[in-house]
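Remarks on the structure that follows.
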Amino acid sequence: MSRDVIEQYFTAFNAGDTDTMLSLVSDDVEHHVNQGEVRCGRVAFAEFCSHMGVSYREELRDMVIFASGDGSRAAAEFVVHGEYLQTDPGLPEARGQRYVLSAGSFFALRDGKITRVTTYYNLQDWIAQVSV
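Quick note: the sequence shown uses UniProt numbering, first residue 1, plus one each step.
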């Protein structure tokens with residue numbers, strides 16, 4: 001079951017379907033952002049998704065999903081193919097730069113909902129790609 005939830009989550013991500021993503025996370029979801037503060041709750045997660053939709057256009061490819069036997073944990077490895085659309089504060093200026101970046105996410109699940117999302121990628125590699 002956890003594998004199905006994660007597949008639905010990433011299918012929704014690639015489709016830009018934030019409503020479906022939000023339906024898959026718990027009310028108390030913890031979102032651990034790469035090199036950022038933890039966002040707690042569905043409202044904070046929704047705000048993050050909204051911001052990402054304005055600043056970036058991304059498609060996750062070469063997805064491999066792993067899930068624990070008891071359904072409480074899952075992980076995914078993928079390649080992000082993106083375009084930097086609007087400048088994020090503290091980051092290089094956006095000019096529609098394209099980037100390709102290896103990344104991974106880790107999940108905790110409870111009662112069929114995602115309760116934690118932790119995503120990792122190499123921020124310095126991304127900065128180098130969009131700074132060219």
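Even for Gly, the Cβ is constructed at its ideal location relative to N, Cα and C.
In the same chain as Tyr121, and ignoring 5 residues on each side of it, the C-beta atoms closer than 8 Å to its own belong to Asn34, Val80, Leu101, Ser102, Ala103 and Gly104, in chain order. Cys49 is not bridged by DSSP to any residue.
Judged by beta-carbon spacing, Ser72 lies within the 8 Å limit of Leu109, meaning their Cβ atoms are closer than that value. Cβ contact annotation for Val54 (same chain, cutoff 8 Å, sequence separation greater than five): Leu85 and Gln86, in chain order.
With fewer than 16 other beta carbons inside 10 angstroms of its own, Val132 counts as exposed.
Contact annotation: Thr11 and Ala46 have beta-carbon atoms that are not nearer than 8 Å. Under DSSP, the beta-bridge partners assigned to Ile114 are Val25 and Leu109. For Arg98, the pairing in a beta bridge is given by DSSP as Glu83. Per DSSP, the beta bridge partners of Leu60 are Val80. The DSSP-derived three-state label of Val130 is helix. Contact between Tyr99 and Val64 does not hold, since their C-beta atoms are separated by about 20 Å, which reaches or exceeds 8 Å. Taking Met1 as reference, the option from Ile127, Asp70, Phe106 and Gly41 with the minimal CA-CA separation is Asp70. Apart from sequence neighbours up to five positions away, the residues of its chain that approach Gly82 with a beta-carbon distance below 6 Å are Tyr56, Glu58 and Tyr99, ordered along the chain. With 16 or more other Cβ atoms inside 10 Å of its own Cβ, Val25 counts as buried.
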